[in-house]
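Protein chains in written order, with numbering that gives the first Met the number 0: chain H, 0 to 120; chain V, 0 to 120; chain Y, 0 to 280; chain L, 0 to 280. The next block holds one structure in the form of structure tokens; read it before the comments.
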Amino acid sequence: MALATSPSPRRVIPGTPVYDGQAAMKGYALNAMCYSFNSQDNREAYRADPDAYCERFHLTPEQREACKSLNVMAMLNAGGNVYYLAKLAGIYHLNVQDIGAQQTGMSLEAFKAMLLAQGAN
Amino acid sequence: MALATSPSPRRVIPGTPVYDGQAAMKGYALNAMCYSFNSQDNREAYRADPDAYCERFHLTPEQREACKSLNVMAMLNAGGNVYYLAKLAGIYHLNVQDIGAQQTGMSLEAFKAMLLAQGAN
Amino acid sequence: MATVIGGYFTSHVPGIGHAIARGLKQDAYWKPFFDGLLPVQRWLADKKPDVAVVFYNDHGLNFFLDKMPTFAVGAAATYRNADEGWGLPVQNSFDGHQALSWHLIESLVNDEFDITTCQEMLVDHAVVVPFQLAYPDASHWPVKIVPIAINTVQHPLPSAKRCLALGRAVGKALASWGGDEKIVVMGTGGLSHQLEGGRAGFINKDYDQFCLDHLGPDPDALTKHSALDIVELAGSQGIEIVNWIAARGALGSGALVQKTRNYHIPISNTAAATLVLEPAA
Amino acid sequence: MATVIGGYFTSHVPGIGHAIARGLKQDAYWKPFFDGLLPVQRWLADKKPDVAVVFYNDHGLNFFLDKMPTFAVGAAATYRNADEGWGLPVQNSFDGHQALSWHLIESLVNDEFDITTCQEMLVDHAVVVPFQLAYPDASHWPVKIVPIAINTVQHPLPSAKRCLALGRAVGKALASWGGDEKIVVMGTGGLSHQLEGGRAGFINKDYDQFCLDHLGPDPDALTKHSALDIVELAGSQGIEIVNWIAARGALGSGALVQKTRNYHIPISNTAAATLVLEPAA
Ligand SMILES: [Fe+3]
Ligand SMILES: [Fe+3]
Numbered sequence: 000m001a002l003a004t005s006p007s008p009r010r011v012i013p014g015t016p017v018y019d020g021q022a023a024m025k026g027y028a029l030n031a032m033c034y035s036f037n038s039q040d041n042r043e044a045y046r047a048d049p050d051a052y053c054e055r056f057h058l059t060p061e062q063r064e065a066c067k068s069l070n071v072m073a074m075l076n077a078g079g080n081v082y083y084l085a086k087l088a089g090i091y092h093l094n095v096q097d098i099g100a101q102q103t104g105m106s107l108e109a110f111k112a113m114l115l116a117q118g119a120n
Numbered sequence: 000m001a002l003a004t005s006p007s008p009r010r011v012i013p014g015t016p017v018y019d020g021q022a023a024m025k026g027y028a029l030n031a032m033c034y035s036f037n038s039q040d041n042r043e044a045y046r047a048d049p050d051a052y053c054e055r056f057h058l059t060p061e062q063r064e065a066c067k068s069l070n071v072m073a074m075l076n077a078g079g080n081v082y083y084l085a086k087l088a089g090i091y092h093l094n095v096q097d098i099g100a101q102q103t104g105m106s107l108e109a110f111k112a113m114l115l116a117q118g119a120n
Numbered sequence: 000m001a002t003v004i005g006g007y008f009t010s011h012v013p014g015i016g017h018a019i020a021r022g023l024k025q026d027a028y029w030k031p032f033f034d035g036l037l038p039v040q041r042w043l044a045d046k047k048p049d050v051a052v053v054f055y056n057d058h059g060l061n062f063f064l065d066k067m068p069t070f071a072v073g074a075a076a077t078y079r080n081a082d083e084g085w086g087l088p089v090q091n092s093f094d095g096h097q098a099l100s101w102h103l104i105e106s107l108v109n110d111e112f113d114i115t116t117c118q119e120m121l122v123d124h125a126v127v128v129p130f131q132l133a134y135p136d137a138s139h140w141p142v143k144i145v146p147i148a149i150n151t152v153q154h155p156l157p158s159a160k161r162c163l164a165l166g167r168a169v170g171k172a173l174a175s176w177g178g179d180e181k182i183v184v185m186g187t188g189g190l191s192h193q194l195e196g197g198r199a200g201f202i203n204k205d206y207d208q209f210c211l212d213h214l215g216p217d218p219d220a221l222t223k224h225s226a227l228d229i230v231e232l233a234g235s236q237g238i239e240i241v242n243w244i245a246a247r248g249a250l251g252s253g254a255l256v257q258k259t260r261n262y263h264i265p266i267s268n269t270a271a272a273t274l275v276l277e278p279a280a
Numbered sequence: 000m001a002t003v004i005g006g007y008f009t010s011h012v013p014g015i016g017h018a019i020a021r022g023l024k025q026d027a028y029w030k031p032f033f034d035g036l037l038p039v040q041r042w043l044a045d046k047k048p049d050v051a052v053v054f055y056n057d058h059g060l061n062f063f064l065d066k067m068p069t070f071a072v073g074a075a076a077t078y079r080n081a082d083e084g085w086g087l088p089v090q091n092s093f094d095g096h097q098a099l100s101w102h103l104i105e106s107l108v109n110d111e112f113d114i115t116t117c118q119e120m121l122v123d124h125a126v127v128v129p130f131q132l133a134y135p136d137a138s139h140w141p142v143k144i145v146p147i148a149i150n151t152v153q154h155p156l157p158s159a160k161r162c163l164a165l166g167r168a169v170g171k172a173l174a175s176w177g178g179d180e181k182i183v184v185m186g187t188g189g190l191s192h193q194l195e196g197g198r199a200g201f202i203n204k205d206y207d208q209f210c211l212d213h214l215g216p217d218p219d220a221l222t223k224h225s226a227l228d229i230v231e232l233a234g235s236q237g238i239e240i241v242n243w244i245a246a247r248g249a250l251g252s253g254a255l256v257q258k259t260r261n262y263h264i265p266i267s268n269t270a271a272a273t274l275v276l277e278p279a280a
């Protein structure tokens with residue numbers, strides 16, 4: 000049995016991860032962990048011992064490392080879906096501008112200025 | 000605001016409860032309790048103290064009474080859905096022929112004979 | 000290119016699982032049903048499918064009324080069977096075929112089916128029993144599965160017409176799949192039966208024969224009845240025929256040959272049936 | 000007969016909830032957006048709707064990847080808001096309108112929409128924020144709701160065309176409803192924004208203006224783009240425009256008047272917009 004693939008090529012949108020089945024197959028454990036962070040108790044348990052919490056959800060080493068380093072791009076590459084990852088970011092009080100700056104390699108001030116500039120022109 | 004209703008009349012099929020929205024609006028608590036009986040621990044907790052267990056799921060008095068008396072028709076009238084009720088029946092080792100006999104007012108032997116007879120003709 | 004070897008249709012009554020657990024296959028009550036599976040076992044042993052696309056209905060194991068999908072498509076790596084509350088022995092897990100699942104999902108959404116995708120999913124007796132019947136000696140399931148669940152629990156139920164269209168869309172997706180697997184399509188449940196209400200024990204041999212006669216050559220004939228018509232004709236659980244109808248749709252529009260057919264009343268409260276349809280050579 | 004008073008469309012950025020909690024409405028950063036809501040508040044105070052049908056997308060509060068519906072319709076007696084993990088103050092629950100929910104569900108399944116029915120459902124900021132904006136002084140929500148969630152989380156997403164068809168089917172069902180309620184239709188989310196990837200912070204004023212210009216008079220113009228086209232044009236969360244498109248569909252085919260419109264860049268990472276469309280007299 001050959002490694003079968005879908006006949007339709009995957010659409011590529013520059014700078015834009017599309018959370019399709021291919022991404023989903025990598026990320027289930029990571030996203031399941033992040034979904035659990037809707038609960039305050041779970042957020043506190045994670046803060047208290049991230050390694051043990053990641054272990055409970057059977058994260059891959061790549062996913063653990065991405066979480067540990069709070070590297071959003073690495074989390075995305077490890078199958079994270081931004082809707083759930085946002086809850087992990089929330090634990091560290093990182094808002095969408097903080098993670099925008101991190102992913103684009105800008106300073107927070109530069110990222111905010113870029114957003115404001117789009118309103119001006 | 001008048002008590003609004005759907006314009007389409009409800010289809011009546013003799014002897015056959017149709018589990019539509021009208022039924023669903025009555026039965027959520029009862030069905031939620033029965034769904035919990037997929038777990039052995041929960042089945043044991045129910046057996047140990049049915050009243051406390053019904054209380055936990057906020058059953059209506061009508062639903063509690065139906066459960067207590069193991070009266071399937073009363074459970075259906077109280078909004079029970081047979082797919083979930085079957086799990087409550089299972090706690091008492093009542094199979095689908097036992098509850099068939101109960102609902103039709105036949106003896107178990109007569110109900111089984113009725114089923115066999117339908118194969119014969 | 001992948002090949003669809005044909006369709007295997009059978010009842011999935013939980014009592015069958017109990018009978019297997021208790022070693023009752025040769026018992027006079029059960030033998031006429033179990034014997035009907037022998038040709039299915041031989042057919043599968045001959046054809047050796049790699050994957051099964053299984054149309055079935057959940058009975059309150061994986062889905063509750065808080066989130067009740069009309070159509071749910073599995074996309075899990077593994078599907079566990081679990082305790083349903085009646086003492087059925089829990090069976091082995093199934094391996095999923097995730098790449099094929101996602102291919103079907105992409106194609107179905109593109110064709111305007113508003114499916115629910117399930118990356119984690121427990122499968123109940125409606126999936127497990129047909130495999131116990133088909134592979135009685137298996138120490139592990141020899142096929143990967145893609146389970147597709149159709150709502151038969153909470154009305155309004157999808158019409159037979161919509162279920163046939165779903166199946167046809169699955170068939171179209173299978174035809175465009177780039178793998179080289181051999182695929183069997185399965186439809187489980189039915190035939191006529193009713194568990195609840197004053198009409199409990201209702202069976203309708205005429206309607207069942209109509210379904211068995213027309214499913215292969217003229218499945219559209221089964222879609223002239225609405226879901227509530229079918230509830231009236233086949234009993235409230237007889238509506239499970241929609242799983243057969245959807246599976247039939249996935250076999251496409253080519254001519255089919257009936258490889259085996261069995262019909263027996265009663266198994267538990269149910270008119271039990273088994274059918275294999277194969278593409279004409 | 001029930002009356003549809005019109006459609007209220009707005010962004011639902013969580014940051015809006017934070018700004019309200021911190022009393023920042025008059026802050027220079029926030030004022031251009033919040034001021035855009037004043038005409039909406041007056042319009043609702045004037046029209047006094049009894050029920051809101053709310054098209055929105057869940058952000059990982061009620062739905063997880065184990066059971067991800069394309070379209071989910073609420074049928075609950077009560078919808079609770081809950082902790083989403085970011086410190087947003089939990090808002091009051093909403094009363095459901097169960098009879099209307101089931102009427103919509105019956106009609107949608109009859110029209111071959113394969114919805115998931117939700118008899119229990121948590122509603123997140125995408126439902127709550129638009130009500131905080133519309134009824135800033137409410138001690139309890141003055142309308143009952145029927146929430147309809149559209150998948151924007153797990154691709155494949157439904158197309159704009161399918162979402163418009165869903166909305167039109169809801170509009171048809173509202174037209175056949177026997178009650179005498181005044182109904183407001185809501186679409187929440189957007190406009191262009193993207194949170195993840197190297198293009199985080201992406202905004203597309205031209206596409207947003209195209210949407211705002213055409214939504215009322217020519218919603219079909221918005222369906223020439225596929226879901227992935229819209230992700231490219233509007234950013235990966237800009238796809239939330241499908242909630243607006245579906246809500247627009249529910250307003251039917253009659254002419255609409257634009258009562259108010261506001262567009263402001265940025266609120267948080269988002270091009271924020273507010274729009275009210277009303278049936279022409
Ligand atoms: Fe069944
Ligand atoms: Fe959003």
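Glycine included, C-beta positions come from ideal geometry on N, C-alpha and C. What you are looking at is a predicted structure, and each value in this text was computed from that prediction instead of being measured.
I'd like to know if Cys344(L) contacts chain Y, where contact means its C-beta is closer than 7 Å to some C-beta of that chain. The structure shown does not extend to residue 344(L), since chain L spans only 0 to 280, so no value can be given for it.
Do Gln118(L) and Asp65(Y) have their CB atoms nearer than 7 Å? Walking along the fourth sequence from the start, residue 118(L) turns up at place 119. Walking along the third sequence from the start, residue 65(Y) turns up at place 66. Yes; because the gap between Cβ atoms is below 7 Å, this pair is in contact.
Any idea what DSSP makes of Val241(L), helix, strand or coil? The count along the fourth sequence starts at 1 and reaches residue 241(L) at position 242. Looking at Val241(L) - three-state DSSP - the assignment turns out to be helix.
Check whether the Cβ of Trp140(L) lies closer than 7 Å to any Cβ atom in chain V. Position 141 of the fourth sequence, counted from the first residue, corresponds to residue 140(L). Cβ-Cβ to chain V under 7 Å: no for Trp140(L).
Give the DSSP bridge partners of His213(L), in chain order. Within the fourth sequence, numbered from 1, the residue matching residue 213(L) stands at position 214. DSSP lists no partner for His213(L).
For Pro13(L), count the other beta carbons within 10 Å of its own beta carbon; 16 or more makes it buried, fewer makes it exposed. Which is it? Locating residue 13(L) in the fourth sequence gives position 14, counting from the first residue. Answer is buried; the Cβ neighbour count reaches 16.
If you run the structure through DSSP and keep just helix, strand and coil, what is Tyr7(Y)? Here the question's residue 7(Y) lines up with position 8 in the third sequence. Here Tyr7(Y) sits in strand by DSSP.
Say yes only if the C-beta of Gly200(Y) is nearer than 6 Å to one or more non-hydrogen atoms of ligand 1, and no if none qualify. Taking the third sequence and counting its residues from 1, one reaches residue 200(Y) at position 201. No, the Cβ of Gly200(Y) stays beyond 6 Å of every heavy atom of ligand 1.
Proximal residues, the stretch 94-108 of chain Y versus chain L, C-beta separation under 8 Å: Ile104, Glu105, Val108
At a Cβ threshold of 7 Å, is Phe63(Y) touching chain V? Residue 63(Y) sits at position 64 when you count from the first residue of the third sequence. Answer yes: the Cβ-Cβ gap between Phe63(Y) and chain V drops below 7 Å somewhere.
What's the gap between the Cα of Tyr78(Y) and the Cα of Asp94(Y)? Translated into the one-based positions of the third sequence, residue 78(Y) becomes position 79. Translated into the one-based positions of the third sequence, residue 94(Y) becomes position 95. When rounded, the distance between both Cα atoms is 6 Å.
What residues from chain V crowd round Val230(Y), counting only those whose CB sits closer than 8 Å? Looking up residue 230(Y) in the third sequence gives position 231. Within 8 Å Cβ-Cβ: Ile12, Thr15, Val17.
Excluding the 5 residues flanking Ala1(H) on each side, which residues of the same chain have their C-beta closer than 7 Å to its C-beta? Walking along the first sequence from the start, residue 1(H) turns up at place 2. The predicted position of Ala1(H) is uncertain, since its pLDDT is 33 and thus under 50; a value taken from the coordinates is nonetheless stated next. So the list is empty, once near-sequence residues are dropped.
What residues of chain V sit near Ala249(L), judged by a beta carbon separation below 7 Å? By one-based count along the fourth sequence, residue 249(L) stands at place 250. Simply none; closest approach about 17 Å.
Comparing the C-beta of Glu83(L) with each C-beta of chain Y, is any distance below 7 Å? Translated into positions along the fourth sequence, residue 83(L) becomes position 84. No, because no Cβ of chain Y sits closer than 7 Å to the Cβ of Glu83(L).
Can you confirm whether Thr59(H), when its beta carbon is compared against all beta carbons of chain L, has any partner nearer than 7 Å? Within the first sequence, numbered from 1, the residue matching residue 59(H) stands at position 60. False, the Cβ-Cβ gap to chain L never drops below 7 Å.
Give me the Cα-Cα distance between Val169(Y) and Ser106(Y), rounded to the nearest whole angstrom. Against the third sequence, residue 169(Y) aligns to sequence position 170. Against the third sequence, residue 106(Y) aligns to sequence position 107. So the alpha carbons of these two residues sit roughly 8 Å apart.
Counting only runs of 4+ residues fully inside the stretch 107-158 of chain L, write out the alpha helix (DSSP H) ranges in chain order. 124-133
Verify whether the separation of the beta carbon atoms of Leu194(Y) and Val81(V) is less than 7 Å. Working through the third sequence from its first residue, we reach residue 194(Y) at position 195. Working through the second sequence from its first residue, we reach residue 81(V) at position 82. Contact flag set, yes.
Kindly identify the DSSP beta-bridge partner or partners of Pro312(Y). As displayed, chain Y neither begins before 0 nor continues past 280, which places residue 312(Y) out of reach and without an answer.
Residues of chain H with CB closer than 9 Å to the CB of Ala174(Y), please, in chain order. As a first step, residue 174(Y) is located in the third sequence; it is residue number 175 there, counting from the start. Within 9 Å Cβ-Cβ: nothing; Ala174(Y) doesn't reach chain H, min ~10 Å.
Whole runs of the alpha helix (DSSP H) within the stretch 56-106 of chain H, excluding any shorter than 4 residues: Qualifying alpha helix (DSSP H) stretches, in chain order: 60-67, 71-76, 81-90, 95-103.
According to DSSP, simplified to helix, strand and coil, what is Lys66(Y)? For this step, residue 66(Y) is matched to residue 67 along the third sequence. Coil, per DSSP.
Amino acids of chain Y, ordered along the chain, whose beta-carbon sits closer than 9 Å to that of Ala23(H): The residue labelled residue 23(H) in the question sits at position 24 within the first sequence. By Cβ distance, chain Y contributes Ala74, Gln97, Trp101, Thr116, Gln118.
Report yes if the CB atom of Val275(L) is closer than 7 Å to the CB atom of Tyr7(L), and no otherwise. Within the fourth sequence, the letter at position 276 stands for residue 275(L). Within the fourth sequence, the letter at position 8 stands for residue 7(L). A contact, by the Cβ cut-off of 7 Å.
Cβ-heavy atom distance between Glu83(Y) and ligand 1 below 6 Å? For the purposes of this step, residue 83(Y) is taken as residue 84 along the third sequence, with counting starting at 1. Checking the Cβ of Glu83(Y) against ligand 1 gives no.
Report yes or no: do three or more beta-carbon pairs, one from the stretch 46-62 of chain L and one from the stretch 140-150 of chain L, lie closer than 8 Å? yes
Residues near Thr116(L) in its chain [Cβ-Cβ closer than 7 Å; skip 5 each side]: Along the fourth sequence, one-based indexing puts residue 116(L) at 117. Cβ within range, chain order: Val72, Ala74, Ile104.
Does Asp217(Y) pass the burial test, meaning 16 or more other C-beta atoms within 10 Å, or should it be called exposed? Numbered from its first residue, the third sequence carries residue 217(Y) at position 218. Flag for Asp217(Y) reads exposed.
Check the C-beta distance from Leu173(Y) over to Ala246(Y) and give it rounded, since I have them as a contact under 8 Å. Start at 1 with the first residue of the third sequence, and residue 173(Y) comes out as number 174. Start at 1 with the first residue of the third sequence, and residue 246(Y) comes out as number 247. With 8 Å as the limit, Leu173(Y) and Ala246(Y) do not qualify as a contact, their Cβ atoms being about 12 Å apart.
Comparing the CB of Glu239(L) with every heavy atom of ligand 2, is any distance shorter than 6 Å? Here the question's residue 239(L) lines up with position 240 in the fourth sequence. Checking the Cβ of Glu239(L) against ligand 2 gives yes.
Does the beta carbon of Gly188(Y) fall short of 6 Å from some heavy atom of ligand 1? The count along the third sequence starts at 1 and reaches residue 188(Y) at position 189. Because some heavy atom of ligand 1 lies under 6 Å away, the Cβ of Gly188(Y) counts as near it: yes.
Of all the CB atoms in chain L, is at least one closer than 7 Å to the CB of Gly118(V)? For this step, residue 118(V) is matched to residue 119 along the second sequence. Chain L has no Cβ within less than 7 Å of the Cβ of Gly118(V).
Quick one: residues in its chain with C-beta nearer than 6 Å to the C-beta of Val71(V), no 5 flanking neighbours on either side, listed in chain order? Against the second sequence, residue 71(V) aligns to sequence position 72. Non-local C-beta neighbours of Val71(V) in its own chain, meaning closer than 6 Å and more than five positions away in sequence, comprise Ile98, Gln101, Gln102, ordered along the chain.
By Cβ distance below 6 Å, which residues in the same chain neighbour Ala3(H) in space, the five residues on each side in sequence not counted? Mapped onto the first sequence, residue 3(H) falls at position 4. Model confidence at Ala3(H) stands at a pLDDT of 47, short of 50, so the residue's coordinates are unreliable and nothing is read from them.
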